[in-house]
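**Q**
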Amino acid sequence: MIALAQRLQIDANLLIIFVEVVTLLALTTIGYGVLRQRLVPVRSLENLPKIGSRISFLWMMTFFFTLGLFISPKILILYIWFIAFLALKEFFSMTPSRRADRRVLFVAYLSLPIQFIFILLGWQHAFTAFVPIWVFLVLPMVMVIIGETRGFLRAWSTLGWGIITTVYSLGFLAYLLMLKDAVHSRAGSIGLFLFLMAMAQLSHTTQYIFGRIFTSPRLSLKVSQTRNWASLLGSIVISALVGWFWAPQLTIYDGFLAIGISVVIAVGAFVGYIILSAIKHDLQIRDRGTMTPGQGGVLNRIDTFVYTAPLFYYLTIQLFAFFQRSTGFVH
Amino acid sequence: MKLYQTIFFLLIVRPIVAIVLGLNIRHGERLPMQGPAIIAANHNSHLDTLTLMSLWPLSRVHQVRPIAAADYFLKNAKLAWFSLNIMHIIPIDRERKDRTVDPLAAPQEALDRDEILLLFPEGSRGEPEKLSEFKSGVARLLERRPEAPIIPVFMHGLGKALPRGDFLLVPFFADVVIGEPIYWRGSVRDTMQAYESAMQVLAAEVDRPVWE
């Protein structure tokens with residue numbers, strides 16, 4: 214493995230962990246296949262189609278990650294751009310909107326190419342400031358100029374929330390790939406990306422499994438049967454263990470910091486899931502069993518990144534700045 | 002001409018429908034692959050015909066014949082060429098100045114050739130995402146060719162993506178719900194009633210967020 218990594222000019226740890234992650238995913242896929250064929254008796258399988266679509270999404274992500282690893286991370290950024298577009302479209306399609314705002318939605322879609330071109334150019338300040346400053350200035354302005362004030366605040370809140378959860382959040386996921394390799398991690402920026410991807414999905418999966426095994430104590434939530442205190446605590450413990458092992462090889466986090474960032478990711482993934490569930494409950498979205506493959510349900514699959522990506526990005530940048538200031542420490 | 006149609010659908014219509022719009026198809030297995038059949042859908046947008054036609058495999062699209070208003074789609078030479086050769090429409094005279102011409106003759110012949118008719122019983126796109134009254138021509142066609150079923154299709158979302166009188170396409174997911182075949186019920190009134198209630202049932206299958 215190490216020889217192969219050297220020949221491909223990839224960090225050996227990165228390649229090993231990538232193989233581990235793909236193995237985990239393959240095992241999950243086999244487990245899912247066993248459940249789907251009903252080879253083992255299970256209590257209820259109503260969530261199975263959702264799990265299946267998440268697994269195929271992860272394989273797509275793995276495919277583009279492989280391209281990103283061996284050819285160029287920019288391919289992976291383009292893929293995240295496409296995912297962000299699908300997610301934004303799904304958000305606009307499922308939320309109430311005003312007839313008068315059709316053109317405003319068109320302008321909102323334009324925020325995607327601008328944001329991702331900033332990312333691809335590596336303009337860090339432009340990309341972090343674009344949505345909160347420019348989008349929040351231009352879009353309400355366009356709404357006012359088009360001239361419908363009834364329901365203005367509600368329409369703008371919905372629109373702004375949609376852009377923040379898709380364009381802005383996924384932008385952080387993409388920008389991890391643009392961080393200067395040597396300073397931010399031991400296995401390159403793509404190592405940071407792999408760490409976040411793997412940890413967020415691991416948290417999601419353990420939350421589901423723990424929520425299934427332990428039915429109480431409930432987390433006083435209307436939103437989800439499977440998300441309770443046990444699922445949160447279980448995923449924190451598992452994430453801390455796995456993160457403690459993976460983080461030092463892929464990121465600048467080690468020791469207690471590795472455990473800390475893993476807990477942050479577990480909690481972030483949990484919060485992302487329950488908030489998107491709450492939105493679906495609010496909109497009374499029914500589960501769509503017959504989505505055509507590759508379409509729809511994207512928001513369900515990115516829920517783990519809505520909070521984890523900005524948190525992980527921000528903490529990593531801050532931690533690095535702190536190290537640099539206090540000790541002159543550079544990896 | 003079939004080649005032009007295939008290229009148009011392969012390179013333009015399908016990518017737009019798949020990526021810019023995105024379809025959520027319910028009961029896709031109910032779509033007839035062979036004629037004679039009449040697809041009767043609600044009408045909100047110019048995208049309706051293109052989206053519906055994209056549901057068939059490329060090798061079958063030429064068998065699908067949209068019925069379209071001659072006064073609109075044949076009004077100038079370019080649009081007429083496109084409508085007749087690419088969209089493969091059957092033009093219908095809405096104004097019926099010449100009362101001796103039978104407006105149902107051409108669609109009837111198409112059914113005799115085992116083609117699949119595509120028509121919008123609302124008659125025009127009307128107000129986007131609102132059902133207007135259905136015209137009974139579809140039932141009258143069934144009266145003459147009772148072996149052909151009506152397949153009711155309810156669509157939602159395309160009127161938001163591209164409503165009447167607008168040229169700016171805004172991406173939205175679209176729902177397409179396909180119903181069970183309806184056969185001739187003995188009278189035009191009963192057939193239309195069966196169609197209308199089928200459309201109500203299909204409409205109830207779709208989540209439709211408020212759009213005021």
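These protein sequence lines map, in sequence, to chains V and G. First residue of the first sequence: 214, per my numbering; consecutive thereafter. First residue of the second sequence: 2, per my numbering; consecutive thereafter. For every residue, glycine included, the Cβ atom is placed at its ideal position computed from N, Cα and C. Keep in mind the model is a prediction, meaning the values are calculated, not measured.
Taking only beta-carbon atoms, is V:R576 less than 7 angstroms away from chain G?
**A** Since the first residue of chain V shown is 214 and the last is 544, residue 576 of chain V is not available in this structure.
**Q** Can the beta-carbon of V:L323 be found less than 7 angstroms from the beta-carbon of V:F305?
**A** Within the first sequence, residue 323 of chain V is the residue found at index 110, counting from 1. Within the first sequence, residue 305 of chain V is the residue found at index 92, counting from 1. No. Outside cutoff.
**Q** Which residues in chain G sit within 9 angstroms of V:M307, going by Cβ to Cβ distance?
**A** Here residue 307 of chain V corresponds to residue number 94 of the first sequence, with the count starting at 1. Simply F174, D208, P210.
**Q** Identify whether G:L169 lies in helix, strand or coil by the three-state DSSP scheme.
**A** For the purposes of this step, residue 169 of chain G is taken as residue 168 along the second sequence, with counting starting at 1. Residue state, collapsed to three classes: coil.
**Q** Any idea if G:R66 is buried or exposed, counting beta-carbon neighbours within 10 angstroms, 16 or more meaning buried?
**A** For the purposes of this step, residue 66 of chain G is taken as residue 65 along the second sequence, with counting starting at 1. It is buried - the Cβ of G:R66 has at least 16 other Cβ atoms within 10 Å.
**Q** For the region 312-341 of chain V, enumerate the residues whose C-beta is nearer than 7 angstroms to any C-beta of chain G, in chain order.
**A** R312, R315, R316, L318, F319, Y322
**Q** Classify V:W374 as helix, strand or coil using the three-state DSSP reduction.
**A** Here residue 374 of chain V corresponds to residue number 161 of the first sequence, with the count starting at 1. Three-state result, V:W374: helix.
**Q** Could you confirm whether any beta carbon from chain G is found closer than 7 angstroms to the beta carbon of V:K560?
**A** Absent from the structure is residue 560 of chain V, since the part of chain V shown begins at 214 and ends at 544.
**Q** Do you know how far the Cα of V:I488 is from the Cα of V:H494?
**A** Residue numbering aside, residue 494 of chain V sits at position 281 when the first sequence is read from its first letter. Residue numbering aside, residue 488 of chain V sits at position 275 when the first sequence is read from its first letter. Approximately 10 angstroms, taken between the alpha carbons.
**Q** Around the C-beta of V:W294, are 16 or more other C-beta atoms found within 10 angstroms, so that it is buried, or is it exposed?
**A** Within the first sequence, residue 294 of chain V is the residue found at index 81, counting from 1. Only buried fits V:W294, as 16 or more other CB atoms lie within 10 angstroms of its CB.
**Q** Does any residue of chain V have a CB that is nearer than 7 angstroms to the CB of G:V102?
**A** Along the second sequence, one-based indexing puts residue 102 of chain G at 101. Chain V, which has no Cβ nearer than 7 angstroms to the Cβ of G:V102, makes this no.
**Q** So what does DSSP say about V:R501, is it helix, strand or coil?
**A** The residue you call residue 501 of chain V lines up with position 288 of the first sequence. Note on V:R501: pLDDT 49, under 50, position unreliable in the model; the coordinate value appears next. Coil at V:R501, not helix or strand.
**Q** Would you grab the beta carbon distance between V:I230 and V:W459 for me? Rounded to a whole angstrom, and I think it's under 8 angstroms.
**A** Counting from 1 along the first sequence, the entry for residue 230 of chain V is found at position 17. Counting from 1 along the first sequence, the entry for residue 459 of chain V is found at position 246. About 6 angstroms; that satisfies the 8 angstroms criterion.
**Q** Could you name the residues that DSSP lists as bridge partners for V:S310?
**A** Here residue 310 of chain V refers to the residue found at position 97 of the first sequence. DSSP lists G:W212 as partners of V:S310.
**Q** Could you give the DSSP three-state label for V:R440: helix, strand or coil?
**A** Here residue 440 of chain V is taken as the residue at index 227 of the first sequence, counted from 1. Coil.
**Q** Which residues does DSSP list as the beta-bridge partners of V:V344?
**A** Mapped onto the first sequence, residue 344 of chain V falls at position 131. Answer is none; V:V344 lacks a bridge partner.
**Q** Give the residues of chain V in contact with G:L80, contact being defined as C-beta atoms less than 8 angstroms apart.
**A** Locating residue 80 of chain G in the second sequence gives position 79, where the first residue counts as 1. Result: empty, since nearest Cβ-Cβ is about 25 angstroms, beyond 8 angstroms.
**Q** Helix, strand or coil for G:A149? Go by DSSP, reduced to three states.
**A** Position 148 of the second sequence, counting from 1, holds the residue named residue 149 of chain G. Of the three classes helix, strand and coil, the one that applies to G:A149 here is coil, per DSSP.
**Q** Verify the CB distance criterion: does G:V171 have a CB-CB separation below 7 angstroms to chain V?
**A** Position 170 of the second sequence holds residue 171 of chain G. At least one beta carbon of chain V lies nearer than 7 angstroms to the beta carbon of G:V171.
**Q** Compare the beta carbon distance of G:P150 and G:Y196 with 7 angstroms and say whether it is the shorter of the two.
**A** Residue mapping note: residue 150 of chain G aligns to position 149 of the second sequence, counting from 1. Residue mapping note: residue 196 of chain G aligns to position 195 of the second sequence, counting from 1. Their beta carbons are not under 7 angstroms apart, which means G:P150 does not touch G:Y196 by this criterion.
**Q** Let's test the definition: count the other Cβ atoms within 10 Å of the Cβ of G:W82 and tell me whether it reaches 16, buried, or not, exposed.
**A** Locating residue 82 of chain G in the second sequence gives position 81, where the first residue counts as 1. Its Cβ having fewer than 16 others within 10 Å, G:W82 is exposed.
**Q** Taking only three categories from DSSP, how would you classify G:D99?
**A** The residue labelled residue 99 of chain G in the question sits at position 98 within the second sequence. DSSP places G:D99 outside both helix and strand once states are collapsed to three, so it counts as coil.
**Q** Out of curiosity, what's the CA-to-CA distance linking V:S475 and V:T419?
**A** Position 262 of the first sequence holds residue 475 of chain V. Position 206 of the first sequence holds residue 419 of chain V. Cα to Cα, the separation comes out at about 13 angstroms.
**Q** Since G:R66 sits in a beta bridge, which residues does DSSP pair it with?
**A** Translated into the one-based positions of the second sequence, residue 66 of chain G becomes position 65. Partner(s): G:L118.
**Q** Pull the bridge partners of G:P92 from the DSSP assignment, please.
**A** Your numbering for residue 92 of chain G matches position 91 in the second sequence. Its beta-bridge partners are G:A69.
**Q** For V:L390, report the span of its beta strand (DSSP E) as first-last.
**A** Taking the first residue of the first sequence as position 1, residue 390 of chain V is located at position 177. Looking at the DSSP string, V:L390 is not in any beta strand (DSSP E), and its letter there is neither H nor E.
**Q** Among the residues of its own chain, which have a CB less than 6 angstroms from the CB of G:G23, if the five just before and after it don't count?
**A** In the second sequence, counting from the first residue as 1, residue 23 of chain G sits at position 22. The beta carbon of G:G23 sits closer than 6 angstroms to those of F174, all from its chain and outside the five residues before and after it, given in chain order.
**Q** V:I422 lies in the alpha helix (DSSP H); which residues open and close that run?
**A** Stepping through the first sequence from its first residue, residue 422 of chain V is reached at position 209. Looking at the DSSP string, the run of the alpha helix (DSSP H) that includes V:I422 is 402-426.
**Q** In whole angstroms, give me the CA-to-CA distance for V:D224 and V:T308.
**A** Looking up residue 224 of chain V in the first sequence gives position 11. Looking up residue 308 of chain V in the first sequence gives position 95. The alpha-carbon atoms of V:D224 and V:T308 are separated by roughly 44 angstroms.
**Q** Listing by chain order, which chain G residues have their CB less than 9 angstroms from the CB of V:L489?
**A** Locating residue 489 of chain V in the first sequence gives position 276, where the first residue counts as 1. Correct list: empty, because the minimum Cβ distance to chain G is about 16 angstroms.
**Q** Using three-state DSSP, classify G:H44 as helix, strand or coil.
**A** Along the second sequence, one-based indexing puts residue 44 of chain G at 43. DSSP places G:H44 in coil when its eight states are reduced to three.
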